[in-house]
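Structure first, commentary second.
In mature numbering (1 follows the signal peptide of the UniProt record, and there is no 0), the protein residues as written are -35 to -1, 1 to 421.
The structure is reproduced here in structure tokens:
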């Protein structure tokens, strides 16, 4: 069996569900009914603030409605103008012309990608699916809270950790209340092909800023009685994610995000795993595989710690059934408590995170080891789905290179011109991604390049 040691950590299609050590929260969690966002770290000097800090439409309505896109724009502009910790960029446009924005948060806000690449950074991707708005609300209030927090630890945290936020990753879908974008494409299945403006923008952000941790906020529909928790999380399962990244990603899930949510009064579980309601034992896997085109896995392959966080859409109680606002506040609050854990993770494990991401991003330069075309950390691939002795690169015709050149560039993959075509070597930072994009045996190749077994 290939990679038996790797799979031995997850003998039955799930991670160990034993409780992790609970971290002491840095700020008491507010009651669920209030759904205010956490100020997970405290700062040493007050940030300049308006006379009254801005509030989202969701907050002003006490959860009765979601923040509109005009309200979001007003909110972000106010925070940007009022705090030296925040800078707001438009980094893309959707097909319908709505802005795709990146919020940069630091003490002070980082001027550009250069400094961020050499420090510790967290990227929040909020509501890739337009009909899953709770993550977006958590991101908006978190931006505000980090911008104006008046305590010492926040400044210390932001001086050493950059927080990047894409507050609405699918603006057209949010406007329409749909999972997909304006063309009906699921953006979270487009992180290899990059056919959508939204996925292309996220690829450019991860390439240019190189975040150490990528945290992806979603929502899910419950299935009684097996799949009912307030919050579900999952790390990159793809086998091409480096060991150190896999270890840090599972730690983020099991030792930080889930315990933080539980300390805030929320039940938690592993995304994609149904459990027996009496014993808590896993009974079935329904989602959460190693598919490389899903952001959670893509970022792991690219050298970042990754985590998916999903909150339950369905009402938990009769009170929530009777009061939609109460249900909405619980959905947002469960995201906020888990985010507190994510920031705690970034602050306390900084050295380990940076060691893992640095090692993952330089390992490809050695051009050693297998590349996995299938499988997951809990599902060993068939032998013929493993490139045990991968080619040293792929040759592309002129037409092929013209078709995929932009996508390779967005993925940060280097190509060498050869005549009217190109040669794409594996000896580069994104080594594992090259066969996944260019080998005809891969699940989602951009094109079928010609493997080259020996290089100069």
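Backbone N, C-alpha and C define an ideal beta-carbon position, used for all residues, glycine too.
One or two residues paired with residue 234 in a DSSP bridge: For the purposes of this step, residue 234 is taken as residue 269 along the chain shown, with counting starting at 1. Here residue 234 is bridged, per DSSP, to 197.
Closer than 6 Å by C-beta to residue 55: which residues in its own chain qualify, once you throw out the five before and the five after it? Chain order, please. For the purposes of this step, residue 55 is identified with residue 90 of the chain shown, where counting begins at 1. Excluding residues within five positions, the ones whose Cβ falls inside 6 Å are 64 and 66.
Whole alpha helix (DSSP H) elements within the region 152 to 219, 4-residue minimum: 162 to 174 and 208 to 216
With a CB to CB cut of under 6 Å and the five nearest residues on each side skipped, what residues in its chain are close to residue 81? To locate residue 81, count along the chain shown from 1; it is residue 116. Taken in chain order, the residues that qualify are 75, 127 and 174.
If you draw a straight line from the alpha carbon of residue 138 to that of residue 161, how long is it in whole angstroms? Numbered from its first residue, the chain shown carries residue 138 at position 173. Numbered from its first residue, the chain shown carries residue 161 at position 196. Rounded to whole angstroms, residue 138 to residue 161 spans 12 Å at the Cα level.
As an exercise, report each continuous beta strand (DSSP E) stretch of at least 3 residues that is fully enclosed by the region 55 to 102, in chain order. Taken in chain order, the complete beta strand (DSSP E) segments of 3 residues or longer contained in the region 55 to 102 are 64 to 70 and 85 to 91.
Give me whichever residues DSSP pairs with residue 51 in a beta bridge. Here residue 51 corresponds to residue number 86 of the chain shown, with the count starting at 1. According to DSSP, residue 51 bridges with 70.
What is the DSSP secondary structure of residue 341, counted as helix, strand or coil? For the purposes of this step, residue 341 is taken as the residue at position 376 of the chain shown. In the structure shown, residue 341 sits in a strand (DSSP, three-state: E or B).
Below 6 Å CB to CB, which residues in the same chain sit around residue 136 once its five sequence neighbours on both sides are set aside? As a first step, residue 136 is located in the chain shown; it is residue number 171 there, counting from the start. Answer for residue 136: 59 and 63, listed in chain order.
Where residue 316 sits in the DSSP three-state scheme: Stepping through the chain shown from its first residue, residue 316 is reached at position 351. Correct three-state label for residue 316: helix.
Any idea if residue 188 is buried or exposed, counting beta-carbon neighbours within 10 angstroms, 16 or more meaning buried? By 1-based counting over the chain shown, the position of residue 188 is 223. So residue 188 counts as exposed.
For residue 306, which of 198, 145 and 44 has the nearest alpha-carbon? Sequence index remark: in the chain shown, residue 306 carries index 341 (1-based). Considering only alpha carbons, the answer is 198.
Assign residue 83 to one of two classes, buried (16 or more other C-beta atoms within 10 Å of its C-beta) or exposed (fewer than that). Indexing the chain shown from 1 puts residue 83 at position 118. It counts as exposed.
Buried or exposed for residue -1, please, with buried defined as at least 16 other CB atoms from any protein chain shown within 10 angstroms of its CB. For this step, residue -1 is matched to residue 35 along the chain shown. In this prediction, residue -1 has a pLDDT of 39, which is less than 50 and means its spatial position is unreliable; what the coordinates show is noted afterwards. Result: buried.
Are the CB atoms of residue 343 and residue 262 nearer to each other than 9 Å? In the chain shown, the residue the question calls residue 343 occupies position 378. In the chain shown, the residue the question calls residue 262 occupies position 297. Between residue 343 and residue 262, the CB-CB gap reaches or exceeds 9 Å.
Residue 388 to residue 194, Cα distance in whole Å? The count along the chain shown starts at 1 and reaches residue 388 at position 423. The count along the chain shown starts at 1 and reaches residue 194 at position 229. About 48 Å.
Considering only C-alpha positions, which residue in the set 347, 45 and 92 is nearest to residue 69? For the purposes of this step, residue 69 is identified with residue 104 of the chain shown, where counting begins at 1. Residue 69 has its Cα closest to that of 45, out of 347, 45 and 92.
Taking all protein chains shown into account, do 16 or more other C-beta atoms lie within 10 angstroms of the C-beta of residue 403, making it buried, or fewer, making it exposed? Start at 1 with the first residue of the chain shown, and residue 403 comes out as number 438. With 16 or more other Cβ atoms within 10 Å, it is buried.
Buried or exposed by the 16-neighbour rule on C-beta atoms within 10 Å, applied to residue 211: Taking the chain shown and counting its residues from 1, the one referred to as residue 211 is at position 246. Residue 211 comes out buried.
Starting from residue 363, trace the alpha helix (DSSP H) both ways and give me its first and last residue. The residue labelled residue 363 in the question sits at position 398 within the chain shown. The continuous alpha helix (DSSP H) containing residue 363 extends over residues 363 to 375.
Looking at the unbroken alpha helix (DSSP H) that takes in residue 432, where does it start and where does it end? In this structure the chain extends from -35 to 421, so residue 432 is not present and cannot be described.
When you compare only the Cα positions, how much space is there between residue 95 and residue 147? To locate residue 95, count along the chain shown from 1; it is residue 130. To locate residue 147, count along the chain shown from 1; it is residue 182. Taking the straight line from one Cα to the other gives about 10 Å.
Measure the CB-CB distance between residue 270 and residue 321 and report whether it falls below 9 Å. Locating residue 270 in the chain shown gives position 305, counting from the first residue. Locating residue 321 in the chain shown gives position 356, counting from the first residue. Result yes, Cβ atoms of residue 270 and residue 321 sit closer than 9 Å.
So for residue 247, helix, strand or coil by DSSP? In the chain shown, residue 247 corresponds to position 282, counting from 1. Three-state result, residue 247: strand.
Taking DSSP's pairing of strands, which residues face residue 239 in a bridge? For this step, residue 239 is matched to residue 274 along the chain shown. Per DSSP, 249.
For residue 419, which of helix, strand or coil comes out of DSSP? For the purposes of this step, residue 419 is identified with residue 454 of the chain shown, where counting begins at 1. The answer is coil: DSSP assigns residue 419 none of H, G, I, E or B.
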